[in-house]
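Those protein sequence lines, which keep their order, are chains W and A.
So the first sequence is numbered by our numbering: it starts at 10 and just counts up by one.
So the second sequence is numbered by our numbering: it starts at 10 and just counts up by one.
By construction, the Cβ of each residue, glycine as well, lies at the ideal position given by its N, Cα and C atoms.
Number of protein chains: 2
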Amino acid sequence: MMELNGGQCEYFGKITVIGTGPGDTEHLSKKALEAVKKAEVVIGYSSYLKQIGDILSVNQEKMPFNMKDEIKRCEAAVKKSLEGKTVALVSGGDAGIYGMSGLLLEIIDKESLTGKVPVEFIPGIPAFCAVSAAVGAPITNDFCVISLSNLLTPWEDIEKRLRAAAAGDFVIIIYNPKSMKRKEELTIAKNILLESIDKNRPAVIVKAVTRPDEETVITTLENIDKFDIVSMNTTIIIGNGNTYVNDLYMITRRGYGNKYDLSKKDMMEEN
Amino acid sequence: MMELNGGQCEYFGKITVIGTGPGDTEHLSKKALEAVKKAEVVIGYSSYLKQIGDILSVNQEKMPFNMKDEIKRCEAAVKKSLEGKTVALVSGGDAGIYGMSGLLLEIIDKESLTGKVPVEFIPGIPAFCAVSAAVGAPITNDFCVISLSNLLTPWEDIEKRLRAAAAGDFVIIIYNPKSMKRKEELTIAKNILLESIDKNRPAVIVKAVTRPDEETVITTLENIDKFDIVSMNTTIIIGNGNTYVNDLYMITRRGYGNKYDLSKKDMMEEN
């Protein structure tokens, strides 16, 4: 290893892959925050670097990239590591869910650098957890997460997963429901789900969760494709057969009511 | 509202439902940390209160409960709120995933207190994100989370979901694979998955992720029920058709290799 890189570098810099959470940096873990601050180079999609701008310092090298430049981001991280720099490679949400973790390891593998470049993964709060928190408790039980983006996954696979998710009575979480180029997929997905799920099944649409422009709509399955707020920054959660909505919240019953007495107990009287 | 509780209390205390993350408190978000510290009463499963012991102060009232006392925990939270106390109701991981969020809202609903008791939900890092981070990038694409506990969910529903998860070629995350009383479910689940998934499909078993007694085994689907470390504190991830294992990591290919050139580029030469 000593001869690599013209002998200028005795060892490679560590790459820490960090999930920055749903948006607001108050949702970053202490561990993630410290790792971002400690890195000499911070690499990521430009929007995510902007989102965490308040925790970066002037002394850190920032390498913002465009959307779809994921390979370039990972290659940049590896190159900086080979130069001996410590790197923070950041993804929104959790970096292991549709984030940079997998691609980085694939690229390290292709370069025969597995085990040579030190890599650490720091988990983050996925967007869907913040979406759930914004509307109450729509998940609570078994669930699926499906991205409608067919950029990397064949559309037939996505359709197969939508049918499987409906067959399993999972709570269904939809990522990437729409983009500039993909405008019809959400309606196609809805129609697949409507083959076996009631049209009145509760659903929630949340745009830009935890960010200043957050917007929430609680609706039903048949209407999930009828709101302007749906974009790449939007997450949709469709309930399972035990999901209901009250004046304020979307709630999926876990099943306590079937097993225990959940009748009214007049707690206020007891006090 | 003014007359409630003998008029002693002008308004109810806020209940903040907090996901404390996978274990180590360095994975708590700043927002979660501050909410826990600010609460007058901290309520939760005794093990979770112990886990976050280092961030609690002597001035806070702690109400630890046993496992299966979930209803009592929520009722205690509501009672303390009615007494005007601010409450932190804590769950491991994210409180919206098999946590206290749903049950609390159900109980508030039954007591006709929806909108009267102020509630806030603060998301946390789910255990499976930390498990993923511990072994590389086993998720990366669409996935399902299924609990094998049939305490609240009928076993037929769990079997249906396992079959659906396999049919959809999801990455499959299994929670609660085994308990003191449930010893056979993991083998039954494995056999259901083996009906349509190859026995050599990569899988990982992680016990007590981020905690001092963390243990990890990378194995294959046919062997997931053959390790002593499997318990209630264990998470299992079974890859999809694009998952592979190298010397160090478990990686699910997202699909970049189908669309872009991921061949070796000799980055070290370029430097």
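Asked	Found
Answer with buried or exposed for W:M10, where buried requires no fewer than 16 other C-beta atoms within 10 angstroms of its C-beta.	Bear in mind that a pLDDT of 35 at W:M10, under 50, signals an unreliable position, so the number given afterwards is only what the model happens to contain. Classification for W:M10: exposed.
Please name the residue, chosen from W:L161, W:E194, W:I238, that lies closest to W:G108 on a Cα-to-Cα basis.	W:L161
For W:A146 versus W:T225, is the C-beta spacing smaller than 7 Å?	no
Compare the Cα-Cα distances from A:S156 to each of A:F137, A:I148, A:N150 and report the closest residue.	A:F137
Once DSSP output is grouped into helix, strand and coil, what is the label at W:T261?	strand
Once DSSP output is grouped into helix, strand and coil, what is the label at A:F152?	strand
To the nearest angstrom, how far is it from the Cα of W:G266 to the Cα of W:D256?	20 Å
Less than 7 Å between the C-beta atoms of A:K169 and W:G177, yes or no?	yes
Taking a Cβ distance cut-off of 8 Å, strictly less, list which residues of the region 48-80 of chain W are near chain A, in chain order.	E79, I80
Taking a Cβ distance cut-off of 8 Å, strictly less, list which residues of the region 259-275 of chain A are near chain W, in chain order.	I260, T261, R262, R263, G264, Y265, G266, N267, K268, Y269, L271, S272, K273, K274, D275
Assess, as a yes-or-no matter, whether the region 66-74 of chain W is touched by the region 118-125 of chain W under the definition of 3 or more beta carbon pairs within less than 8 Å.	no
For my contact list, A:V180 and A:I134 are in at a C-beta cut-off of 8 Å; report their separation, rounded to the angstrom.	Incorrect: roughly 18 Å between the Cβ atoms, too far for contact.
Identify, in the order they occur along the chain, each residue of the same chain with its Cβ nearer than 6 Å to the Cβ of W:G15, setting aside the five sequence neighbours on each side.	Its pLDDT being 42, under 50, W:G15 is placed unreliably by the model, and nothing is read from it.
With DSSP collapsed to three states, give me the class of A:K276.	Position check: residue 276 of chain A holds Met in this sequence, whereas Lys was assumed. In the structure shown, A:M276 sits in a helix (DSSP, three-state: H, G or I).
Answer yes or no: does any C-beta atom of chain A fall closer than 7 Å to that of W:K216?	no
For a contact meaning CB atoms closer than 7 Å, what does W:Y20 contact in chain A?	Ordered by position in chain A, no residue passes the 7 Å Cβ test against W:Y20, which lies about 13 Å from the chain.
Closer than 7 Å, CB to CB, is W:L202 near chain A or not?	no
With DSSP collapsed to three states, give me the class of W:S121.	coil
Under a Cβ-count criterion, where at least 16 other Cβ atoms within 10 Å of its own Cβ denotes burial, should W:D234 be classed as buried or exposed?	buried
In the region 240-260 of chain W, which residues sit with their C-beta less than 7 Å from some C-beta in chain A, listed in chain order?	N255, D256, L257, Y258, I260
Between the beta-carbon of W:P132 and the beta-carbon of W:D103, is there less than 7 Å?	yes
Buried or exposed: which applies to W:M189, given that a residue is buried once 16 or more other Cβ atoms fall within 10 Å of its Cβ?	exposed
Would you mind sorting W:K216 into buried or exposed? The rule is 16 or more other CB atoms within 10 Å of its CB.	buried
For W:Y184, which beta-bridge partners are listed by DSSP?	W:S156
Express the C-alpha separation of A:I80 and A:Y247 in angstroms, rounding to a whole number.	A small correction: the amino acid at residue 247 of chain A is Ile; Tyr does not occupy that position in the sequence shown. When rounded, the distance between both Cα atoms is 32 Å.
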